[in-house]
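Undergrad: Can you keep this structure in mind? I'll have questions shortly.
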Amino acid sequence: MAIDQLPLQPGQPAQLTTLNLTFRPMILSDLSSVMVIERQSFSTPWSENTFRRSIDRKRTYSHCIVAVFEEIVIAYAHFVLISGDVHITNLAVAKTHRRLGVGKHLLKELLLQAREMKGELCFLEVRVSNIAAYSLYRQFGFQVHSIREKYYTDNGEDAYLLWIPNLSVLKLP
Numbered sequence: 016m017a018i019d020q021l022p023l024q025p026g027q028p029a030q031l032t033t034l035n036l037t038f039r040p041m042i043l044s045d046l047s048s049v050m051v052i053e054r055q056s057f058s059t060p061w062s063e064n065t066f067r068r069s070i071d072r073k074r075t076y077s078h079c080i081v082a083v084f085e086e087i088v089i090a091y092a093h094f095v096l097i098s099g100d101v102h103i104t105n106l107a108v109a110k111t112h113r114r115l116g117v118g119k120h121l122l123k124e125l126l127l128q129a130r131e132m133k134g135e136l137c138f139l140e141v142r143v144s145n146i147a148a149y150s151l152y153r154q155f156g157f158q159v160h161s162i163r164e165k166y167y168t169d170n171g172e173d174a175y176l177l178w179i180p181n182l183s184v185l186k187l188p
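In the working numbering, the protein residues as written are 16 to 188.
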């Protein structure tokens, strides 16, 4: 089944629980679904080639995770871990599965993996207009470190630079 034929549609009651949501490393066969989600989510999406390079197992600093529901990739996240610094570069959920808690569970999984890999400081950028994402990150203890002015190239929007200074003491929701 393709991602555009997903069983959940907007307005339909959710049957999604953490029991039937699984996480695993992204593999090449996930790319078509990931690209659909990427294009749905970002005005300047990454290319398929960028994802191919990111999931190359020789790049030990680059980590891609997918969330799978009923054998379909419904969300993904990417982070880079270098010298204890975790930079979350992408986290996106398929339109059909937004506002169901998928992003929250995926972020929790990402932070658990990053902490297990000895990640210490964690940071990310988020559009100042993206209230939903900002609220999600605040639930996990991210704090505004600074504002990156005109960070986004598509419209010159500012970004909040959010961070968690110490993952080892983080209490996950």
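Note that the Cβ used here is the ideal one computed from N, Cα and C, for glycine as well.
State buried or exposed for A147, treating a residue as buried only when at least 16 other CB atoms are found within 10 Å of its CB.
TA: Stepping through the sequence shown from its first residue, residue 147 is reached at position 132. By the 10 Å Cβ count, A147 comes out exposed.
Undergrad: Helix, strand or coil for V159? Go by DSSP, reduced to three states.
TA: Residue numbering aside, residue 159 sits at position 144 when the sequence shown is read from its first letter. Here V159 sits in strand by DSSP.
Undergrad: Apart from the five residues just before and just after A17, which ones in its own chain have a Cβ nearer than 7 Å to its Cβ?
TA: Start at 1 with the first residue of the sequence shown, and residue 17 comes out as number 2. Confidence at A17 is low in this model, with a pLDDT of 45, below 50, so the placement of that residue is unreliable and no value is reported for it.
Undergrad: Does the beta-carbon distance from L182 to A129 come in below 9 Å?
TA: On the sequence shown, residue 182 is found 167 positions in, with the first residue counted as 1. On the sequence shown, residue 129 is found 114 positions in, with the first residue counted as 1. Closer than 9 Å, so yes.
Undergrad: Looking at C-alpha atoms only, which residue of K110, C137, S44, D100 is the closest neighbour of G156?
TA: Position 141 of the sequence shown, counted from the start, is the residue given in the question as residue 156. The shortest Cα separation from G156 among K110, C137, S44, D100 belongs to C137.
Undergrad: What are the start and end residues of the alpha helix (DSSP H) that includes T65?
TA: Stepping through the sequence shown from its first residue, residue 65 is reached at position 50. Counting along the chain, the alpha helix (DSSP H) containing T65 begins and ends at 63-69.
Undergrad: Exposed or buried, which one is G99 when buried takes at least 16 other CB atoms within 10 Å?
TA: Against the sequence shown, residue 99 aligns to sequence position 84. Under this definition G99 is an exposed residue.
Undergrad: With distance defined between alpha-carbon atoms, name the residue in M132, R39, L151, N105 nearest to P188.
TA: Translated into the one-based positions of the sequence shown, residue 188 becomes position 173. The option with the nearest alpha carbon to P188 is L151.
Undergrad: What residues match up with P188 in a beta bridge as DSSP calls it?
TA: In the sequence shown, counting from the first residue as 1, residue 188 sits at position 173. BP columns for P188 are empty, so no partner.
Undergrad: Ignore the nearest five residues each way along the sequence and tell me which others in E124's own chain have a CB closer than 7 Å to its CB.
TA: Within the sequence shown, residue 124 is the residue found at index 109, counting from 1. Here the set comprises F38, I80.
Undergrad: Can you grab the Cα-Cα spacing for the pair I179 / H102, in whole Å?
TA: Taking the sequence shown and counting its residues from 1, one reaches residue 179 at position 164. Taking the sequence shown and counting its residues from 1, one reaches residue 102 at position 87. Using only the alpha carbons, I get a separation of about 11 Å.
Undergrad: Rank E164, L115, T168 by C-alpha distance to the C-alpha of N35 and give the top, closest one.
TA: Counting from one through the sequence shown, the residue named residue 35 turns up at place 20. Of the candidates E164, L115, T168, the one whose C-alpha sits nearest the C-alpha of N35 is L115.
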